[in-house]
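Protein chains in written order, with our numbering: chain U, 45 to 474; chain S, 49 to 358.
Yeah, the Cβ is synthetic: ideal placement off N, Cα and C, and Gly gets one too.
Predicted model only: the values in this text are computed from it and were never measured.
In what follows, a single structure is set out as structure tokens and then discussed.
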């Protein structure tokens, strides 16, 4: 017996020595950075990644490209297991808060400090933890304007050039009047706005335009305020008078509606342009136009935000220095960010790109310099925050707003009061 | 007593050996029990412990007493809502499906129909189709604006129907999907049962002048009763553990499934959302335990009132 055990120990020692030596020789020369992100990132950053790897021969990159939701699921499982997290991970603003809260992302406050005032300021709130430390790097922002179909406006006998349409859609009341004209003249809808099975992100866009939202700056629940009631009642008119296409965002009907010109407008963020041009409806190039958001009252802000994404280093990463080097190289270089903007309308959070002559170039999808409108809008976004509870708060809002849209709840005030109560019960937010 | 003691002492060397030998089979069946303990028994106990705590899956656990259970009943009352949904769905599809399966099985078991093998295969096919593909296909078929079903109805002048955007209709759509998928499976169960009915009974009934319908009601149904009970029992568990179907059917675009207005929220979907979407593992565990209690009671009820009359 003793001999057998001795043999076993010797074998194990030899084997582990061999593994250690072989691994050591690899790590002596090479740092391998693992990155999890979705298709959009390698598409946009391809040349930048090539340059980085060329200039840093000691670093190799292992990219895992998955669906957006899969990135979050995998990251959560890896964090819960305490093993297998990547060095670098991409996260949308709507989801980064949750991972900051559970402590999965590394504090990069010191490294990021030179860039703080050079980035879209509204981005920081969701990636700052309770101790005020920053755990992520903003990459793209989602300033919102109105995308409209020139052909539908023409069919309705309305002017279709951006200047005239901007005048036509000056206030949200004007927008509603135009919706009625378009419905009467062409039998088409003003916008896609489902009554159910929809995340109602447009409601959030309109809230943030008014500096409202789920919570206020102190994190107190704010969904049940007069502005929100007014906005929901406004959307209610589109449902009741059949002025909106009953198709949820990113569904078959929604894509078809946008492609076929069943809808005249879409109030949505800048990145929509990339989606139109690259995969939803490339055949509609030149048919779109962009005008700034209508306002509720004269002098209101013609801007809001929807989405946006970020890059972060995980807390467990053993290559934080190399990871930061990679992030700084890619996402603070205006040339790379403008290249990404050109490729997929990926709107940089890096402010100094907004003055580049590229922004005033005419884009094929709209036939106008629409990026200027978004660059201007990005600098006046009132305020927004998703918070770590976003997924849950959004799902609760979906239920009651949907009940209001379907007529199960009579008043907008009641729908939002119930939303607020449910959020308090579930998340403990007062 | 004395005799016994004597006896043991007498046989002891042999018996001891035999008793030790008896342990070997336990060793052979131990892999199952070890795996069961690690992957089933321990998690079951642990989730009971978790249901009294707040835990995000990564950080520390805080004891919160019964508040996870209370949470499920206050506000929108999500647990009751999900149970009500499943009860409605159960009554929408189980009677139709069970009766349909029985009728189909009797027809396919009889001599009136040719190509029985072909029909059996076709009716059974939906069951072996991947549920994800099936559900997505239903979603496309039922699309309000571009779905085939509304297109078909429009040929008869019927206006677009928002199938999945109305709570009542969405539940009916879900029930139809389940019926379509599980009909074949239940039919096969009935076929197996029917083949055990001795043909002499039918012959005797025929000689006595019974019509085929009479023999169906007086011979077939009473004799396949245990199978009917078994099907209903399986359907009960199946309905309350629905997940894939509502998760996909109503998660249109970027909306979270279970809609509209929670009309197709099932307890398991609620559990999934609580646990993996909102990272509230305590509440998710509470859902699991509540569901267990309800299913246990349902099972008892069915055994007592449906199975007992055999």
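- For the options S:281, S:125, S:141 and S:231, the alpha carbon positioned closest to that of residue 470 (chain U) is the one of S:125.
- For residue 318 (chain S), same chain residues with a beta-carbon under 6 Å away, outside a window of 5 residues either side, are 126, 130 and 335 in chain order.
- The beta carbon of residue 465 (chain U) sits closer than 9 Å to some beta carbon of chain S.
- Under the 9 Å criterion on CB atoms, residue 268 (chain U) is classed as non-interfacial with respect to chain S.
- Beta-bridge partners assigned by DSSP to residue 333 (chain U): U:192.
- For residue 354 (chain U), the beta-bridge partners assigned by DSSP are U:135 and U:182.
- Secondary-structure assignment with DSSP links residue 81 (chain U) through a beta bridge to U:109.
- If you look at residue 311 (chain U), you'll find it in the beta strand (DSSP E) that goes 309-313.
- At a Cβ-Cβ threshold of 9 Å, residue 188 (chain U) and residue 353 (chain U) do not count as neighbours.
- In this structure residue 263 (chain S) is buried. Its beta-carbon is surrounded by 16 or more other beta-carbon atoms within 10 angstroms.
- Here residue 474 (chain U) carries a coil assignment [DSSP, helix/strand/coil].
- When C-beta atoms of the region 236-251 of chain U are compared with those of the region 445-461 of chain U, three or more pairs fall below 8 Å, so the two segments count as touching.
- Remark: fewer than three beta-carbon pairs, one from each stretch, lie closer than 8 Å, so the region 156-170 of chain S and the region 213-223 of chain U are not flagged as touching.
- DSSP places residue 148 (chain S) in the uninterrupted alpha helix (DSSP H) bounded by 126-157.
- Among the CB atoms of chain U, none fall inside 9 Å of the CB of residue 219 (chain S).
- Separation of residue 419 (chain U) and residue 310 (chain U) (C-alpha to C-alpha, rounded to the nearest whole angstrom) is 18 Å.
- Taking a 10 Å sphere around the C-beta of residue 133 (chain S), we find 16 or more other C-beta atoms and assign the residue as buried.
- Only 238, 239, 240, 241, 242 and 243 from the region 222-256 of chain U bring a Cβ to less than 7 Å from some Cβ of chain S.
- If you compare the alpha carbons of S:260, S:278, S:280 and S:293 with that of residue 157 (chain S), the shortest gap goes to S:260.
- For a cut-off of 8 Å, the C-beta gap from residue 314 (chain U) to residue 391 (chain U) is around 4 Å, short enough to register as a contact.
- In the DSSP assignment, residue 221 (chain S) falls within the alpha helix (DSSP H) that extends over 215-242.
- If you look at residue 414 (chain U), you'll find it in the alpha helix (DSSP H) that goes 414-422.
- Neighbourhood of residue 297 (chain U) in chain S, by CB distance below 7 Å: 191, 192, 193 and 194, in chain order.
- Across the set U:453, U:373, U:81 and U:200, the C-alpha of U:200 shows the shortest separation from the C-alpha of residue 222 (chain U).
- Contact annotation for residue 300 (chain U) against chain S: 191, 193 and 194 [CB-CB distance below 9 Å, chain order].
- 9 Å or more divides the Cβ of residue 196 (chain U) from the Cβ of residue 203 (chain U).
- Boundaries of the alpha helix (DSSP H) harbouring residue 332 (chain S): 329-350, taken from the DSSP string.
- Between residue 259 (chain U) and the set U:457, U:433 and U:462, the nearest pair of CA atoms involves U:433.
- Residue 101 (chain S) is bridged by DSSP to S:111.
- Cβ proximity to chain U below 9 Å picks out nothing from the region 140-164 of chain S.
- A distance below 8 Å between beta-carbons, with the five flanking residues on each side excluded, links residue 140 (chain S) to the following residues of its chain, in chain order: 219, 220 and 223.
- When 7 Å is used as the limit between beta carbons, residue 320 (chain U) is near no residue of chain S, the shortest such separation being about 16 Å.
- In this structure, residue 150 (chain U) and residue 359 (chain U) form a Cβ contact; the two beta carbons are roughly 5 Å apart against a cut-off of 8 Å.
- Under the 8 Å Cβ criterion, the region 100-109 of chain S does not count as touching the region 282-301 of chain S, having fewer than three qualifying pairs.
- Under a 10 Å Cβ-count criterion, residue 439 (chain U) is classified as buried, with 16 or more other Cβ atoms of the shown protein chains found around its own Cβ.
- Take the alpha-carbon of residue 209 (chain S) and the one of residue 308 (chain S): they are about 14 Å apart.
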